[in-house]
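**Student:**
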Amino acid sequence: MPDQGTSFGLPVVLRQELLVLLIEDNLGDALLIKALLDEVAGNPVCIEHVTSLEAGLARVVETGFDAVITDLHLPDSEGVDTLRQLFTVAESVPIVVMTHCENNPFALDLLKHGAQDYLVKGQSDGPLIIKTIRYAIERKEADQHFAYLSHYDKLTGLANRELFRDRLQQAMARAERNHRLVALLFLDLDRFKSVNDTLGHLAGDELLVQVAGRLKTCVRKADTIARLGGDEFTVILEGLEDPGDAEVVCRKIIDTLADPLVVQSHEIYVTTSIGVTFFPSDDQELVGLLRNADAAMYRAKEEGRNKYHLFTADLSARAVNRMGIESALRHAVERDELYLCYQPKVHVETGQILGAEALLRWNNPQRGLVSPAEFIPVAEETGLIVPIGEWVLRRACVDALRWQQLGFGEISVAVNLSPRQFRHGDLPTMVRSVLDEVGMAPDLLDLEITESLLMDDTEASQISLNELKQLGLRIYLDDFGTGYSSLAYLKKFPIDGLKIDRSFIRDLPGDSDDEAITRAILALSQALRLRVVAEGVENEFQLEFLRQASCDVVQGFYFAQPLAFEHFVGWLRCNTKHASSVVRWPLAG
Ligand code: C2E
Ligand code: MG
Ligand code: MG
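Taking my numbering, the leading residue of the sequence shown gets 2, the next gets one more, and so forth.
(1) Do A359 and A442 come within 8 Å of each other at the CB atom, strictly closer than that value?
(2) Just the C-alpha distance for F505 and P378, rounded to the nearest angstrom, thanks.
(3) Between the alpha carbons of A357 and R396, how many angstroms are there, rounded?
(4) Can you find at least 3 beta carbon pairs, one from the region 251–262 and one from the region 157–168, that sit closer than 8 Å?
(5) For R574, count neighbouring Cβ atoms within 10 angstroms of its own Cβ and tell me buried if that reaches 16, exposed if not.
(6) Enumerated in chain order, which unbroken segments of the beta strand (DSSP E) with a length of 3 residues or greater are wholly contained in the region 462–515?
(7) Using DSSP bridges, identify the partner residues of C342.
(8) Does the separation of the CB atoms of D154 and R60 fall below 8 Å?
(9) Taking the straight line between their C-alpha atoms, what separation do you get for L454 and D198?
(10) Can we say the region 205–223 touches the region 233–250, given the rule of at least three CB pairs closer than 8 Å?
(11) Looking only at its chain, what residues have a beta carbon closer than 6 Å to the beta carbon of G115, apart from the 5 residues adjacent to it on each side?
(12) Short of 8 Å in beta carbon distance, which residues of its chain neighbour K268, apart from the five on each side in sequence? Order them along the chain.
(13) With a floor of 3 residues, list each beta strand (DSSP E) that falls wholly inside the region 83–162, ordered by position along the chain.
(14) Can you give me the C-alpha to C-alpha distance between R323 and L445, rounded to a whole angstrom?
(15) Would you please verify whether the beta carbon of L428 is less than 8 Å from any beta carbon of chain B?
(16) Find the nearest neighbour of I412 within the set V583, I24, L112 and G43, judged by alpha-carbon distance.
(17) Using a threshold of 7 Å, is the CB atom of D502 nearer than that to any non-hydrogen atom of ligand 2?
(18) Using 10 angstroms around the beta-carbon of D315, count the other beta-carbons present and answer buried if the total reaches 16, otherwise exposed.
(19) Would you say D479 touches ligand 2, meaning its beta carbon is less than 7 Å from a heavy atom?
(20) Shorter than 7 Å, the distance from the beta carbon of E452 to the closest heavy atom of ligand 2, or not?
(21) Any heavy atom of ligand 2 inside 7 Å of the beta-carbon of S381?
(22) Going along the chain, which residues of its own chain have a beta-carbon closer than 8 Å to the beta-carbon of G127, five neighbours each way excluded?
(23) With E18 as the anchor, note down where its alpha helix (DSSP H) starts and where it stops.
(24) Along the chain, where does the beta strand (DSSP E) containing V414 start, and where does it finish?
(25) Within 8 Å, do at least three Cβ pairs link the region 294–303 to the region 172–190?
(26) Smallest Cα separation from D206: which of T157, S151 and E233?
(27) Which residue comes first and which comes last in the alpha helix (DSSP H) that contains Y299?
(28) Are the CB atoms of V90 and L111 within a distance shorter than 8 Å?
(29) So the alpha helix (DSSP H) A314 belongs to, where does it begin and stop?
(30) In whole angstroms, what is the alpha-carbon distance linking R475 and T577?
(31) Just to check my reading of the structure: R319 and T272 have Cβ atoms closer than 8 Å, yes? What is that Cβ distance to the nearest angstrom?
(32) How long is the line joining the alpha carbons of G557 and V347, rounded to whole angstroms?
(33) Taking only heavy atoms of ligand 1 into account, decide whether any of them is closer than 7 Å to the Cβ of R419.
(34) Taking the C-alpha atoms as reference points, what is the distance between E233 and A31?
(35) Determine the contact status of D515 and L509, defining contact as a CB-CB distance below 8 Å.
(36) Would a C-beta distance cut-off of 8 Å place E536 and D502 closer than the cut-off?
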């Protein structure tokens, strides 16, 4: 350590002397304190005395006192107000209050208002005064440390949610005064979850710290960056003249994060989706601004991630609708508003009903029938898909057993799974216990997963899929052709079959691209020994094309719409030969 200039080589900060400001209008009391201190051998306290709060405030601003001792009855200030004013000009200085009697509830109240300790007039001696000052200093340090902890995110050192709200409120007030804009950026890292799941929480933490560091390089010192929790960050940009200024920062953030991060010697590419909203143009209230920025961020994600999106009013309507869906959906299971429809999967050559896909329906008294396209994404984002998904699985298994009991033979049931269900808890164990509980053979269950699962968190989902597979059920890749459609995935994961997305079937026969794609998928599946189901078959021409292209199994409105349990049973009665589940031609419709 370099010599700090004291004769004993000790740094100056360790000096023993305590510089204390005494604010006391009663000269007798002031002299008494000085005298009491002087009696103590080696008295470390050096007192400076003023007689009014005004003078005291001026001195506190000019000089860095170690502590302030103040009387409560001053000519220019009374009680709590004295503390408040001192606190405003010198937030970090410890304050000792002088009162007339002990156990004064008023004195205790003062402690709550920021004083660190109090001395009772006429009952203090020198050592006690010194002890009290020392204690006040220590306590102030502890308070400030605690204040730090309660305002900053421990992991990244960025502002936390509370401080962020405070800063945003202040920024809004300043912007109103000087007629400038405030931009609020809401960031969410894309696929952060997969890093956490595959490399572990420590790696995830390290990644967040590095991201925080890079974010700091994108904004000015005066701007606030906060971590609201998880992988959600906010940025407050102040004093903007033009919304374009915020877009420049967004682009900078996206570019800065484009270089790979090295975490535990893995190269990791993070991207972020950013939603942007402006005060005062988009909303006057903090809550509204947050909601806007969040909605804009979701739009950015929908647009394909690694993007920013500026808030527009139409997003607000969507956000409100989303919130309405979310709160209604929370009660949907307990209020019995969910039910399943079934759509048969038919074997092209034999006409055998191989199985039925369970498709979730939500009938809400206020909203009517809500489309899965509308509520499933909300259920996924909120995590509600986890309990709902378990409900779907159980219901579907129970229903499949009933088809058997009703004499339709072995009709397997296919259940759709969301990626989110894989990330939450132990999916294989959940599936196994449902099967056990219901008493269903696993080979009667198909699970339909989407490609995004395979793309998002490779290793963790691979483990879960292998465990599921070992239970003895079958796994289908749904909506094949719409996503990445990578061959590598098909080999890497334990997939039994593919479902060709209905967008390729729609224009068959006739559309040469779709014909080629469908043929290619079928050829590929044969080579890889995968089963194929063509979705969305609506007419006999499509069916004929698929038959000639040697597609095994078809599903679609041509055979049946998704039907609620009773209707599905009715359909089976009308359209299959007695005591078996082979379709009788022509269909009864
Ligand atoms: P998906 O798994 O690809 O389901 C097939 C969708 O195609 C269903 O839409 C079905 O009604 C529709 N469809 C079937 N045949 C035809 C046809 O011939 N023509 C046309 N145009 N459409 C047909 P739905 O029921 O609206 O479900 C939409 C999506 O919602 C499903 O797509 C699936 O991804 C998701 N979903 C449904 N139920 C569940 C569930 O229980 N859990 C999860 N995680 N997702 C579900
Ligand atoms: Mg499906
Ligand atoms: Mg599908």
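Idealized CB from N, CA, C, for every residue including glycine.
**Tutor:** Concretely, from the data shown:
(1) For A442 and A359, no; Cβs fall outside 8 Å.
(2) In a straight line, the C-alpha of F505 is about 23 Å away from that of P378.
(3) The straight-line gap from Cα to Cα measures roughly 13 Å.
(4) Inter-segment contact for the region 251–262 and the region 157–168 is absent: fewer than three beta-carbon pairs are separated by less than 8 Å.
(5) Sixteen is the threshold: since fewer than 16 other Cβ atoms of the shown chains lie within 10 Å of the Cβ of R574, the residue is exposed.
(6) If we require 3 residues or more, the beta strand (DSSP E) runs fully inside the region 462–515 come out as 475–481 and 498–501.
(7) Under the DSSP definition of a beta bridge, C342 partners with L360 and A565.
(8) No, the pair does not count as a contact, with Cβ atoms beyond the cut-off.
(9) For L454 and D198, the distance between alpha carbons rounds to 13 Å.
(10) The region 205–223, when compared against the region 233–250, does touch it at the 8 Å Cβ threshold.
(11) Within the same chain, G115 has close Cβ partners L84 and F88.
(12) According to the sequence as given, residue 268 is Glu; it is not Lys. Within the same chain, and ignoring the five residues on either side of E268 in sequence, the residues whose Cβ sits closer than 8 Å to its Cβ are P261 and L262.
(13) 96–100 and 118–121, all fully within the region 83–162.
(14) Cα to Cα, R323 sits roughly 36 Å from L445.
(15) Among the protein chains of the structure shown there is no chain B, as only one such chain exists.
(16) The shortest Cα separation from I412 among V583, I24, L112 and G43 belongs to V583.
(17) Every heavy atom of ligand 2 is 7 Å or more from the Cβ of D502, so no.
(18) So D315 counts as exposed.
(19) D479 Cβ: within cutoff of ligand 2.
(20) Checking the Cβ of E452 against ligand 2 gives no.
(21) A quick correction: the sequence has Glu, not Ser, at residue 381. Incorrect: E381 has no Cβ contact closer than 7 Å to ligand 2.
(22) So the list reads L37, L38, D39, E40, V41 and N44, once near-sequence residues are dropped.
(23) For E18, there is no enclosing alpha helix (DSSP H), since its DSSP letter is neither H nor E.
(24) Where V414 is concerned, the enclosing beta strand (DSSP E) stretches over S413 to N417.
(25) Yes, the region 172–190 is in contact with the region 294–303.
(26) Answer by Cα proximity: T157.
(27) Going by DSSP, Y299 is part of the alpha helix (DSSP H) stretching over L287 to E303.
(28) No; because the gap between Cβ atoms is not below 8 Å, this pair is not in contact.
(29) For A314, the enclosing alpha helix (DSSP H) starts and ends at A314 to R331.
(30) Going by the C-alpha atoms only, they are around 25 Å apart.
(31) In fact, because the Cβ distance is near 23 Å, the residues do not count as touching under 8 Å.
(32) The straight-line gap from Cα to Cα measures roughly 9 Å.
(33) The identity of residue 419 in the sequence shown is Ser, whereas the question assumes Arg. At least one heavy atom of ligand 1 lies closer than 7 Å to the C-beta of S419.
(34) Across the structure, E233 and A31 are spaced so that their CA atoms are roughly 54 Å apart.
(35) The answer is yes: Cβ separation under 8 Å.
(36) The criterion of a C-beta distance shorter than 8 Å is satisfied by E536 and D502.
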